[in-house]
Structure formats: structure tokens, C-alpha cells
């Protein structure tokens with residue numbers, strides 16, 4: 277993987293990640309393919325709307341269909357028919373948010389599988405083994421996502437554990453049991469909760485590992501927006517300018533813009549896909565709820581300014597009807613629209629930074645967002 | 277609408293239907309678009325696998341989203357973004373199979389809507405009004421689908437009612453309330469249960485209306501296969517060779533082949549789409565159940581002989597995984613495969629008739645089918 281910053285505007289950066297499987301223009305948004313599919317979408321449709329990288333979930337794929345199945349396809353790319361880069365998370369976040377009866381120790385986490393109730397164990401070494409088998413272009417270190425709120429003692433212990441796990445992740449990822457080189461690169465994760473000193477200590481520890489990219493974890497876990505932005509402002513400047521910075525699990529369009537303004541290059545979030553299936557559609561004028569009865573006879577598109585497949589061919593009334601009738605095509609068309617919205621947003625952001633007009637673009641974007649947050653259009 | 281028989285081989289015919297909206301090669305299979313969408317598919321995907329006409333359901337569309345909504349889109353074609361021909365049923369079949377508390381009279385049928393419980397009334401005149409608003413290229417007369425089994429007295433009364441409704445359908449379809457010409461053509465429906473004399477009487481009555489096409493109704497309602505084939509053999513020869521013959525609601529691949537051999541030109545059935553969503557996939561070697569654990573690690577396609585999008589890019593293991601995880605993409609890929617199988621079957625049938633080798637092709641097809649019906653492949 278190579279990374280280059282092509283332009284910057286304030287703290288915002290316009291960059292490019294190059295992988296053997298393809299190029300990713302940054303700031304980039306990664307749609308989430310939890311179970312080996314970005315829900316409702318084919319890979320061709322994802323490419324069509326400008327997707328260059330997707331995120332896969334180690335935890336879900338490990339439990340179902342299981343690694344033997346994916347290994348029989350030589351990895352996740354062939355299994356899901358996606359030929360461009362894949363970033364996989366480490367499974368840690370899902371263990372802590374989904375699994376019941378978990379038991380944390382220095383070694384790792386014992387828990388019961390939500391798929392079949394089996395007793396399973398995830399550790400830095402196991403997470404690296406899984407991500408090697410998946411064949412991820414970017415693997416993430418195994419970490420503990422510090423909950424919010426957390427006192428300083430708890431946040432410190434959690435951060436220090438994640439640091440020790442980072443070392444074990446690095447070693448296990450590099451030295452696979454089969455002697456083969458790793459299939460991609462490993463990113464570290466800065467933790468430390470909402471505490472400036474802990475974030476700094478986390479970064480100091482991670483920096484020694486000299487990893488090619490870094491994420492900021494432990495945000496988008498329920499903290500107020502000002503807290504998140506403060507942590508970003510305190511943490512990002514510590515991180516090397518020449519390596520990509522990934523803000524995990526963020527977020528709403530306005531959250532992405534605010535984080536780009538603070539120097540973030542990569543994002544992932546289930547929001548566009550999940551919102552789509554619930555009938556919440558992103559538009560240049562704000563979020564539109566397609567279930568609203570006001571759309572029942574409306575033959576106009578979701579967003580007249582949008583050139584996605586859905587807006588070119590279907591009306592609000594048709595999408596509302598599909599949603600009411602619980603038709604699969606409704607989830608499809610809504611997902612196409614929302615992911616197109618996100619990828620178009622990222623293109624706008626990149627263009628604005630490249631043209632040194634990100635500040636003005638952002639001010640305009642925030643004016644529009646502020647209005648629509650206060651007054652949902654429909 | 278124009279219809280021409282281009283070739284025949286025994287009773288089997290290779291024909292062509294021409295509509296203002298496009299050509300339909302016959303024998304033709306019409307995927308079912310119950311609620312204004314062929315479930316899980318876009319129109320482009322349907323065209324891609326060779327679909328030339330789809331079926332829409334008057335009953336479902338009338339109750340939801342309702343005619344005002346579809347009228348606001350100038351009809352069903354624009355509402356669902358399907359530019360090729362549409363045939364709509366009359367709603368009669370669904371009234372009798374889905375609605376509770378129905379009350380039948382000479383005038384029509386009162387029943388409670390399964391969507392919202394409202395008291396509604398469907399009659400030949402109302403069915404024609406609906407199908408005119410939908411803008412169907414082929415509308416079907418309003419009829420009563422005689423149940424199976426039915427005694428001769430019951431079957432005769434039902435058939436005679438359908439004949440009287442045929443006359444009212446013809447009049448109402450021709451003379452719309454708005455004075456505008458009808459948007460397409462009207463087909464009549466031969467009823468009469470399993471009784472040769474009643475089928476003949478039904479045909480005699482219908483023939484006087486001089487409609488441009490005809491369906492055989494009241495089959496595929498639970499009768500034994502031999503009964504169905506006998507009724508076809510007794511009824512089809514009565515019908516004029518120069519007009520299309522449509523066997524409603526049929527069926528399995530082997531049922532279609534047997535009916536083509538008896539002179540049928542058009543078919544519709546929910547089987548390929550519904551089976552797909554339940555993981556039953558049609559192959560040249562028989563039906564494959566993708567839920568079978570034997571497919572869990574199988575990286576081969578559903579059917580190595582198939583060139584559909586699904587078989588070109590995805591494995592049995594992946595499809596099984598999507599089914600287990602209840603992923604929308606699973607329903608999509610399975611539906612693409614099954615509809616492709618049906619359209620490829622129809623192409624094979626047409627080619628065999630055109631080349632005067634339908635008999636030999638059919639014998640080979642039935643050999644394969646007999647084997648796989650006895651021994652499901654998986």
C-alpha cells in the first residue's frame with residue numbers, strides 16, 4: 277500500500293491510497309459489508325456509484341459462514357465477487373457490542389456466539405489469523421473499544437490493554453503460521469477515551485510499531501459531538517501526515533465533513549445502508565422519510581438534483597409503495613440512492629480540497645445541514 | 277396487437293406477438309410482478325435475461341398503492357419503470373383465493389381487503405376500469421376461477437357466470453367512461469372445470485365475442501396432471517390457430533413443456549421467483565436446494581452449464597451463506613438464476629419448434645426431468 281497526500285486545505289487532506297487491487301481516492305467512504313455483502317447491493321452496483329473500497333466484518337464472517345468456507349474460495353474477495361480493496365475490522369468492536377456473557381482477560385475474550393450459542397475465543401492472534409485468511413487489503417489490530425462514558429482509570433487500563441494487543445497483533449499479522457507474507461497491511465488503533473493525555477500515550481505506544489496507517493477508535497460510541505471533535509483536534513495532529521487516518525464508525529454526512537476538516541482520510545458507517553432499508557433517504561435538502569404519507573401520490577424523484585439510478589427512474593410514490601409492500605426492490609433502490617449520496621459527498625469534498633475551497637464549501641454545506649436538521653424536509 | 281404463427285411442430289407453435297411497446301416471441305414465459313415489481317428484480321435485469329413481457333396483478337395494485345397513485349404516473353409502465361408489454365390479470369383469481377368474507381352475486385364480488393380490511397367490490401366493469409388505468413397491453417376478462425374439485429352443476433353455473441361476465445368485460449373495456457380507446461387488447465378466458473362439454477360450451481360462448489386472444493383458466497388449481505393435460509387436449513383444438521393461447525398460472529418447467537406440446541403460447545407462474553426466495557434453484561439436472569448443508573463449502577456454481585450472472589460470479593457456498601444470513605442479495609441472485617433458467621427454457625423450446633425437432637428435444641427434456649424428479653440432485 278502506498279499513500280500520498282495530493283493537496284491540503286487547512287487540516288483537510290486530499291489523498292490517494294494505492295493497493296495492488298486498486299486505487300482509493302481520499303477522503304474515502306467505505307460501505308459496510310457486514311456478512312460478505314453490502315446489504316442489497318451487487319459489487320457492480322457499488323462500483324457504478326464510485327465505491328473503491330468496502331469494509332468487511334471479521335466477527336460476523338468468522339462465525340458465519342466460517343473461515344473454512346472462505347478459505348475454500350481463496351479469501352473474501354472471490355467469495356463475495358469484489359475485486360477492489362477490502363478493509364476488515366478486528367472483530368473487537370462486535371465482541372463488545374453484540375456478544376453476551378463475554379469474559380475479558382489479558383489473553384483475549386471468551387464469549388458465546390450470537391449465531392449458534394457456541395463458546396468461542398477471540399484474541400489478537402486469532403483476529404490476525406482470521407484477517408489473513410479473509411485476505412484483507414487492510415487488517416485492523418485487535419483492540420478493546422473503550423465504552424462511553426469511562427472514568428480515567430478504566431480508560432487508561434483499556435487503552436494500555438489495546439496497546440499490548442497492538443504489539444501482539446503486529447507480531448501475529450507479520451508472522452503467519454504458514455510462513456506466507458501477509459496479504460495486506462495492518463493499521464493500529466488509537467484509544468484513550470475522552471482523555472487527551474491517554475490519547476497521547478496511546479499514540480506514543482503505537483508510533484513505536486511504525487504501522488503504515490492508523491485509526492482513531494472509541495469514538496461514535498455515544499459521546500457528544502463536541503467531545504468527539506475535541507478528541508479529533510487533540511489526536512490527529514499527533515499522527516504522521518504521510519500516513520492515512522481512519523475514523524472508525526463515523527457517521528452522518530455532517531460528521532464526516534467535520535472530521536475531514538480535522539484531517540481524517542477514511543470513514544465507514546452502516547448509516548447509508550441501514551437508513552435506506554428503513555426508508556430514510558439522504559438528499560441535498562436533508563433527510564426524507566419515504567414512509568411519510570405526503571409522498572403517496574408524488575411522481576417526482578427523491579432528489580431532483582440527484583443523478584443516481586433510483587432518482588433517474590423512480591418516483592417517491594413508487595418507493596413509498598415498495599416500502600409499504602415490503603418489497604426487496606425498495607431496499608435496493610433506497611440503498612443505491614443513499615450510497616450514491618455518500619460517494620457524491622466524498623467527491624465534492626475531494627474536489628473542494630483540491631481546489632483550495634474546502635472552507636467555503638464546508639460553510640455552505642453546514643448552512644444547508646443546519647437548516648435541514650432543524651426542519652426535516654419530509 | 278398482432279400475432280403470427282411462424283412455425284409449428286405437431287401441436288406446438290413458434291409464434292410472435294407484436295405490441296406497440298415491443299415484440300414477444302412465443303412460447304413466452306411472463307414473470308409475475310404482483311405488486312408492481314417482479315420481486316427482487318429491476319426492469320433492466322429482467323430485460324437482460326430475455327424478459328419481453330411481465331404480468332401485473334390487478335387485485336394487488338388496486339388495493340395498494342391504489343389507482344389514483346398509478347394514474348398520477350400515467351399507468352403501471354411508468355410507475356414501475358417497465359417499458360415493454362404488460363399483461364394484467366382481472367383480479368378474479370385473487371378475490372377467490374385471498375379475500376375473506378367474500379359474497380358473490382351476478383353483479384360481482386363483495387369482499388374485505390386483505391390490506392386494510394375495507395369493504396370493497398369488484399365486478400367486470402370495475403376490473404376493466406382498473407386495467408384501463410393500469411394501461412395494460414393485454415387485459416384479462418373478469419371471471420370466476422372454478423375451484424377443484426367441482427361437480428358438474430357447480431362447474432356449469434360458474435362457467436356460465438364467467439361467460440356473462442365476459443360480455444360485460446368486453447363492453448366495459450371497449451367503452452371506457454372517458455370515451456378514450458382502450459390502451460391494449462382484451463383476452464377471454466375459457467372455463468368449465470374438468471368437463472369436456474362445459475369447456476366446449478365455454479368456448480362456444482366466448483367465440484362469439486371475437487376477442488384477439490384467449491386463456492385457459494381453472495387449471496393449476498390442484499387437479500392431477502393427467503386431468504390438466506386431458507383438458508388441454510380437449511380444449512386447445514377448439515381455439516383458433518391464428519390467435520394466442522395463454523395457460524394461466526402454469527407452472528413447473530415440465531408442465532410448460534407439456535402444455536407447449538399441446539399448443540399453448542403463453543405462460544405465467546410465481547414458481548421461479550418464489551422458489552428462488554426459498555432457496556430452490558432450477559438447474560439442467562433438476563432442482564437444487566441451496567439450504568442443503570452439502571453446499572456449505574462448495575465453491576462451484578449452482579449450474580456449471582448456466583451462463584447467468586449468478587452462476588458466472590458466485591458459488592453455491594456463497595448463495596447458501598446469503599440464504600442463512602437472510603441477506604437481500606441472496607434473494608436477488610437466486611431470482612436472477614431461476615428467471616434466467618425459465619427464459620433459457622423458453623428459448624430452447626422456440627428453437628426446437630422452429631427447427632422441427634421439438635419432439636426429440638422434448639423426449640430428451642422429459643428423460644432428464646423424470647430422473648431428477650425421482651432423485652433431487654441436492
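Protein chains in written order, with this note's numbering: chain F, 277 to 654; chain R, 277 to 654. Here a beta-carbon is modelled for each residue, glycine too, at the ideal position from N, C-alpha and C.
Nearest neighbour of residue i, chosen from the options [CA to CA]
i                     : options                       : result
residue 301 (chain F) : F:641, F:563 and F:619        : F:619
residue 419 (chain R) : R:390, R:394 and R:380        : R:380
residue 554 (chain F) : F:575, F:315, F:469 and F:354 : F:315
residue 609 (chain F) : R:277, R:373, R:298 and R:313 : R:313
residue 392 (chain R) : F:615, F:600, F:631 and F:616 : F:600
residue 488 (chain R) : R:517, R:500 and R:498        : R:517
residue 538 (chain R) : R:334, R:514 and R:614        : R:514
residue 453 (chain F) : F:407, F:473 and F:298        : F:407
residue 644 (chain F) : F:593, F:570, F:612 and F:563 : F:563
residue 446 (chain R) : R:460, R:434 and R:433        : R:460
residue 354 (chain R) : F:642, F:588 and F:613        : F:588
residue 550 (chain F) : F:611, F:602 and F:560        : F:611
residue 409 (chain R) : R:357, R:311, R:542 and R:352 : R:352
residue 512 (chain F) : F:472, F:373 and F:309        : F:472
residue 342 (chain F) : F:603, F:403 and F:317        : F:403
residue 596 (chain R) : R:574, R:455 and R:613        : R:574
residue 320 (chain R) : F:294, F:585, F:613 and F:636 : F:585
residue 540 (chain R) : R:474, R:546, R:522 and R:390 : R:522
residue 499 (chain R) : R:424, R:430 and R:558        : R:424
residue 435 (chain F) : F:470, F:478 and F:356        : F:478
residue 545 (chain F) : F:294, F:277 and F:305        : F:305
residue 505 (chain R) : R:535, R:456, R:448 and R:428 : R:535
Residues that residue i bridges to, as DSSP identifies them
i                     : result
residue 655 (chain F) : Since the displayed chain F opens at 277 and closes at 654, residue 655 (chain F) lies outside it and no answer follows.
residue 285 (chain R) : R:288
residue 276 (chain F) : In the structure as shown, chain F begins at 277 and stops at 654. Residue 276 (chain F) is therefore absent and cannot be evaluated.
residue 462 (chain F) : F:415
residue 293 (chain F) : F:279 and F:300
residue 489 (chain R) : R:463
Cβ shell of residue i (< 8 Å), same chain only, five flanking positions each side left out
i                     : result
residue 350 (chain F) : 411
residue 576 (chain R) : 591 and 592
residue 567 (chain F) : 555, 596, 599 and 600
Chain-order list of residues whose beta-carbon lies under 6 Å from that of residue i (same chain, five-residue window excluded)
i                     : result
residue 481 (chain F) : 439
residue 266 (chain F) : This structure does not reach residue 266 (chain F), given that chain F is present from 277 up to 654, and the question cannot be answered.
residue 285 (chain R) : 629, 632 and 634
residue 496 (chain F) : 525, 526 and 527
residue 325 (chain F) : 615, 616 and 619
residue 465 (chain F) : 417, 419, 491 and 493
residue 582 (chain R) : none
residue 530 (chain F) : 645
residue 332 (chain R) : 309, 352, 362 and 364
residue 552 (chain R) : 610, 611 and 614
residue 367 (chain F) : 334, 335, 398 and 403
residue 385 (chain R) : 371, 378 and 398
residue 697 (chain R) : Only positions 277 to 654 of chain R appear in the structure, and residue 697 (chain R) is not among them; the question remains open.
8 Å contact criterion, which residue i and residue j should meet: CB distance rounded
i                     : j                     : result
residue 533 (chain R) : residue 638 (chain R) : 6 Å
residue 401 (chain R) : residue 450 (chain R) : That belief does not hold up - the Cβ atoms of residue 401 (chain R) and residue 450 (chain R) are roughly 12 Å apart, past 8 Å.
residue 307 (chain F) : residue 323 (chain F) : The pair is not a contact, with the Cβ atoms about 11 Å apart (cut-off 8 Å).
residue 369 (chain R) : residue 421 (chain R) : 5 Å
residue 623 (chain R) : residue 279 (chain R) : In fact, because the Cβ distance is near 19 Å, the residues do not count as touching under 8 Å.
residue 258 (chain F) : residue 335 (chain F) : For residue 258 (chain F) there is no data in the structure shown, the boundaries of chain F being 277 and 654.
residue 395 (chain R) : residue 388 (chain R) : 6 Å
residue 317 (chain R) : residue 293 (chain R) : In fact, because the Cβ distance is near 22 Å, the residues do not count as touching under 8 Å.
Cβ neighbours of residue i in the same chain (closer than 7 Å, five flanking residues each side left out)
i                     : result
residue 383 (chain R) : 399
residue 556 (chain F) : 563 and 565
residue 360 (chain F) : 297, 298, 328 and 329
residue 358 (chain R) : 319 and 330
residue 572 (chain F) : 593 and 596
residue 431 (chain R) : 422, 468, 469, 471 and 474
Quiz item: If you scan the stretch 494–571 of chain F from start to end, which runs of the alpha helix (DSSP H) of 4 or more residues do you find wholly inside it?
Solution: The qualifying runs are 501–511, 529–536 and 547–553.
Exercise. Could you name each continuous beta strand (DSSP E) segment of 3 residues or more that falls completely within the stretch 354–419 of chain R, going from the start of the chain to the end?
Key: Fully enclosed beta strand (DSSP E) runs of 3 or longer: 362–364, 376–380, 385–388, 395–398 and 414–416.
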